[in-house]
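Protein chains: 2
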Amino acid sequence: MERVQHTPSEPQAIRQRIRRGEIAGHTSGLAPGCVQGNVVILPQALAADFLRFCQLNPKPCPLLAVSAPGDPALPTLGADIDMRSDVPRYRVFRNGEMVEEPTDIAHLWREDLVSFILGCSYSFEWALLEDGLPLHHMSAGRNVPMYRTSIRTEPAGPFHGPLVVSMRSFRPADAIRAVQITSRFPGVHGAPVHIGLPELIGIRALAQPDWGDSVEVPADELPVFWACGVTPQAVIAEARPEFCITHAPGSMLITDLKNSQLSIL
Amino acid sequence: MERVQHTPSEPQAIRQRIRRGEIAGHTSGLAPGCVQGNVVILPQALAADFLRFCQLNPKPCPLLAVSAPGDPALPTLGADIDMRSDVPRYRVFRNGEMVEEPTDIAHLWREDLVSFILGCSYSFEWALLEDGLPLHHMSAGRNVPMYRTSIRTEPAGPFHGPLVVSMRSFRPADAIRAVQITSRFPGVHGAPVHIGLPELIGIRALAQPDWGDSVEVPADELPVFWACGVTPQAVIAEARPEFCITHAPGSMLITDLKNSQLSIL
Chain A
1 MERVQHTPSE
11 PQAIRQRIRR
21 GEIAGHTSGL
31 APGCVQGNVV
41 ILPQALAADF
51 LRFCQLNPKP
61 CPLLAVSAPG
71 DPALPTLGAD
81 IDMRSDVPRY
91 RVFRNGEMVE
101 EPTDIAHLWR
111 EDLVSFILGC
121 SYSFEWALLE
131 DGLPLHHMSA
141 GRNVPMYRTS
151 IRTEPAGPFH
161 GPLVVSMRSF
171 RPADAIRAVQ
181 ITSRFPGVHG
191 APVHIGLPEL
201 IGIRALAQPD
211 WGDSVEVPAD
221 ELPVFWACGV
231 TPQAVIAEAR
241 PEFCITHAPG
251 SMLITDLKNS
261 QLSIL
Chain B
1 MERVQHTPSE
11 PQAIRQRIRR
21 GEIAGHTSGL
31 APGCVQGNVV
41 ILPQALAADF
51 LRFCQLNPKP
61 CPLLAVSAPG
71 DPALPTLGAD
81 IDMRSDVPRY
91 RVFRNGEMVE
101 EPTDIAHLWR
111 EDLVSFILGC
121 SYSFEWALLE
131 DGLPLHHMSA
141 GRNVPMYRTS
151 IRTEPAGPFH
161 GPLVVSMRSF
171 RPADAIRAVQ
181 ITSRFPGVHG
191 APVHIGLPEL
201 IGIRALAQPD
211 WGDSVEVPAD
221 ELPVFWACGV
231 TPQAVIAEAR
241 PEFCITHAPG
251 SMLITDLKNS
261 QLSIL
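Just so you know, the protein sequences line up as chains A and B, in that order.
According to this note's numbering, the first sequence is numbered sequentially starting from 1.
According to this note's numbering, the second sequence is numbered sequentially starting from 1.
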């Protein structure tokens with residue numbers, strides 16, 4: 001699949017380093033301005049249900065691309081992408097148990113595997129930062145806090161479970177601006193699903209997130225909640241498919257798409 | 001100015017009835033779907049400052065049209081509009097004191113008068129209702145509650161004062177939707193200026209509005225605040241111009257524009 005590129009673009013050059021095993025960790029901050037994607041790889045037998053789950057739940061599962069069965073290419077996200085090698089670190093699950101965290105999955109590849117790439121909050125955080133809005137978890141060097149909610153996803157086949165949300169707090173006028181900005185990016189979770197009043201969606205204590213780190217909400221700010229890409233991961237963990245590969249947390253697929261290209265307005 | 005219209009449109013027909021004195025009260029509910037405007041008529045000597053005030057403060061003062069001095073026509077809002085007769089009821093102020101509430105101002109017309117028509121919340125409320133969002137003050141048959149805030153407007157000449165806001169409460173997901181919907185209508189106040197936490201903008205008690213009626217905010221809802229057309233009225237009252245005419249509260253200019261035409265998206 002590999003072609004000689006005399007002047008690879010930045011995302012291509014980074015994927016080449018990932019492919020050679022030179023980058024095996026987090027992708028945060030790599031290829032600035034480029035879309036990074038959450039990765040789910042499932043056997044074809046489960047792919048139709050998972051595709052339907054994404055279609056029913058576009059806010060937590062914004063689908064950027066789906067591969068043909070057995071084809072490791074995703075040409076709409078990058079001409080050279082090879083899903084067997086281009087994610088820095090993978091997680092391999094068998095019957096719901098994580099069995100391996102390899103940097104390459106060529107040895108596991110099967111002719112029935114379908115790759116799903118889902119939009120990720122990095123893209124809308126880029127848009128918020130471009131507009132000058134502060135992100136407290138970032139300035140504190142922490143992961144964004146994430147919470148299991150009482151909002152149910154729409155089930156499809158074996159896939160069902162609660163909506164997981166990420167929280168960022170803003171002063172009220174900035175919260176309104178954040179709604180406007182992220183509304184332009186439906187492909188990467190889009191507008192928030194909730195604002196203020198966390199107890200209404202089953203969140204008892206903001207200081208005790210279910211994933212990520214705790215980040216304080218100042219008294220003059222409102223917590224704003226976005227549907228989160230951890231939702232499909234939690235749903236898949238619950239469904240315990242016989243075989244499944246995902247990216248390792250924070251170790252995403254870097255694509256050629258620009259975040260700005262995802263803006264619908 | 002009057003032309004024979006064999007089949008006047010609904011807003012034209014209503015303006016003709018207003019012109020004949022058959023309608024002299026509120027315009028709420030008349031010519032559904034058509035834009036209604038707040039009216040300010042000032043001598044030319046003050047018009048440039050007021051125009052600049054509107055330009056500096058587009059959220060409380062969204063300018064739909066300005067007339068040429070002495071010209072009672074506003075052709076961009078309706079071919080037949082005559083500002084001397086087409087508002088059901090006017091208020092006439094001299095040196096800041098209201099002296100008259102006539103249904104016609106032909107006897108007061110001067111060659112130096114400039115008419116300003118400002119967008120009004122009826123238009124964005126129409127858009128919210130079209131999208132199925134509930135408006136509590138409407139279902140309760142009350143006026144929307146309005147509050148003087150600690151947010152200052154940008155001054156221009158004699159015009160200065162606090163921003164006045166109107167409040168409507170929504171469940172959190174509907175509040176997010178309300179931000180999206182009203183963002184499409186910058187010509188009629190646009191997106192909210194504040195959400196939640198009223199004390200941050202100098203509002204001590206939601207139950208005690210400065211204008212309009214008190215409307216309860218349910219425990220599972222957030223108060224959402226929009227810049228309000230009462231702002232320029234309060235600012236003009238404060239500036240005490242030697243002569244000024246406005247519409248009487250609720251008795252607006254009905255235009256030929258459709259609310260949907262004001263959507264920028």
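Each residue gets a CB set at the ideal place from its N, CA and C atoms; glycine is no exception.
Quick one: complete beta strand (DSSP E) runs, 3+ long, within the region 203-258 of chain A?
-> You should have 222-227, 244-247 and 253-258.
As assigned by DSSP and simplified to three states, the class of residue 194/B | strand
Just grab the DSSP bridge partners of residue 37/A for me.
-> 119/A and 253/A
Name the chain B residues that come within less than 9 Å of residue 183/A, Cβ to Cβ?
-> 176, 179, 180 and 183
Using a Cβ-Cβ cut-off of less than 7 Å, list which residues of the region 182-208 of chain B approach chain A; keep chain order.
-> Within the region 182-208 of chain B, the residues whose Cβ lies closer than 7 Å to some Cβ of chain A are 183, 191, 192, 193, 194, 195, 196, 197 and 200, listed in chain order.
Nearest-angstrom beta carbon gap, residue 163/A and residue 60/A [assumed within contact, 8 Å] | 6 Å
Using DSSP with H/G/I as helix, E/B as strand and the rest coil, what is residue 51/B?
-> helix
Using a Cβ cut-off of 9 Å, pull out every chain B residue sitting near residue 222/A, in sequence order please.
-> Here the neighbours are 195, 196, 197 and 222.
Which same chain residues, not among the five before or five after residue 1/B, have their C-beta less than 8 Å away from its C-beta?
-> With a pLDDT of only 47 at residue 1/B, under 50, the local geometry of the prediction cannot be trusted, and the value read off the model is given with reservation. 72, 73, 80 and 82.
Any beta strand (DSSP E) of 3 or more consecutive residues that is wholly inside the region 161-191 of chain A | 162-170
Is the shortest distance between the beta-carbon of residue 133/B and the beta-carbons of chain A less than 8 Å?
-> no
Residue 56/A: buried (16+ other C-beta within 10 angstroms of its C-beta) or exposed?
-> exposed
Per DSSP, what kind of secondary structure is residue 262/B in: helix, strand or coil?
-> Here residue 262/B carries a helix assignment [DSSP, helix/strand/coil].
In angstroms, rounded to a whole number, what distance separates the CA positions of residue 259/B and residue 211/A?
-> 45 Å
Please report the Cβ distance between residue 133/A and residue 177/A, rounded to the nearest whole angstrom; I am assuming they are in contact, meaning their Cβ atoms lie under 8 Å.
-> 6 Å
So which residues on chain A does residue 13/B lean against when the C-beta distance must stay under 7 Å?
-> Per Cβ cutoff of 7 Å: no residues; residue 13/B is ~38 Å from chain A at best.
Cβ shell of residue 111/A (< 8 Å), same chain only, five flanking positions each side left out = 69 and 70.
Output the distance between the C-alpha atoms of residue 267/B and residue 11/A, rounded to the nearest integer angstrom.
-> Past the boundaries of the shown model lies residue 267/B; chain B is included only from 1 to 265, so the question cannot be answered.
Is there a Cβ from chain A that is less than 8 Å from the Cβ of residue 227/B?
-> no
CB contact check: residue 173/A to chain B, cutoff 8 Å = yes
Count the other CB atoms within 10 Å of the CB of residue 36/A; is the residue buried (16 or more) or exposed (fewer)?
-> Buried is the call here.
Using a Cβ-Cβ distance under 8 Å, would residue 163/B count as near chain A?
-> no
According to DSSP, is residue 65/B helix, strand or coil?
-> strand
So, are the CB atoms of residue 201/B and residue 264/B less than 8 Å apart?
-> no
Going by the beta-carbon positions, is the gap between residue 172/A and residue 189/B smaller than 8 Å?
-> One thing to note: residue 172/A has its Cβ no nearer than 8 Å to the Cβ of residue 189/B.
Those residues which DSSP pairs with residue 42/A across a bridge | 114/A
Should the region 30-49 of chain B be called in touch with the region 239-249 of chain B, which here means at least 3 C-beta pairs below 8 Å?
-> Inter-segment contact for the region 30-49 of chain B and the region 239-249 of chain B is present: three or more beta-carbon pairs are separated by less than 8 Å.
Which residues, in order along the region 108-129 of chain A, keep a beta-carbon less than 9 Å from a beta-carbon of chain B?
-> none
Limits of the unbroken alpha helix (DSSP H) element including residue 18/B = 10-19
Per DSSP, cross-strand counterpart(s) of residue 31/A = Note: residue 31/A sits in no beta bridge, so no partner.
Chain-order list of residues whose beta-carbon lies under 6 Å from that of residue 116/A (same chain, five-residue window excluded) = 40 and 66
Say whether chain A places a C-beta atom closer than 8 Å to the C-beta of residue 56/B.
-> Taking a beta-carbon distance threshold of 8 Å, residue 56/B does not count as an interface residue toward chain A.
Kindly confirm or deny that the region 227-244 of chain A and the region 19-29 of chain A touch, where touching means at least three C-beta pairs closer than 8 Å.
-> no
If the cut is a Cβ gap below 8 Å, which residues of chain A does residue 265/B touch?
-> 265
Once you ignore the five residues that flank residue 102/B on each side, which residues in its own chain have a CB closer than 6 Å to its CB?
-> If we look at residue 102/B and ignore the five residues flanking it on each side, its Cβ neighbours are 90.
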